[in-house]
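Trainee: In the numbering used here, the protein residues as written are 82 to 138. For each residue, glycine too, the CB sits at the ideal point set by N, CA and C.
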């Protein structure tokens with residue numbers, strides 16, 4: 082869906098701060114958190130320490 086594509090476009094294979102994803106997308110923290118959870122459950126996202134996330138390569 083469009084919101085998921087927006088969040089994915091703000092991510093990369095290098096760990097990125099969740100706050101930066103929120104700022105880059107202009108979406109609410111709640112929406113970004115939900116999309117990140119969906120991506121993680123689908124095996125497309127990896128969580129790192131200190132609120133960092135990246136796409137799985």
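#1: Leaving aside the five residues before and after residue 72 along the sequence, list all residues of the same chain whose C-beta is less than 8 Å from its C-beta, in chain order.
#2: Identify whether residue 125 lies in helix, strand or coil by the three-state DSSP scheme.
#3: Closest to residue 85 by C-alpha separation, out of 96, 127, 117, 132, would be which residue?
#4: According to DSSP, residue 110 sits in a beta bridge with which residue or residues?
#5: Rounded to whole angstroms, what's the CA-CA distance from residue 132 to residue 99? Just pull it up for me.
Mentor: Inspection of the coordinates gives the following:
#1: No statement about residue 72 is possible, as the shown extent of the chain runs from 82 to 138 and does not include it.
#2: coil
#3: 117
#4: DSSP output for residue 110 lists no bridge partner at all.
#5: 6 Å
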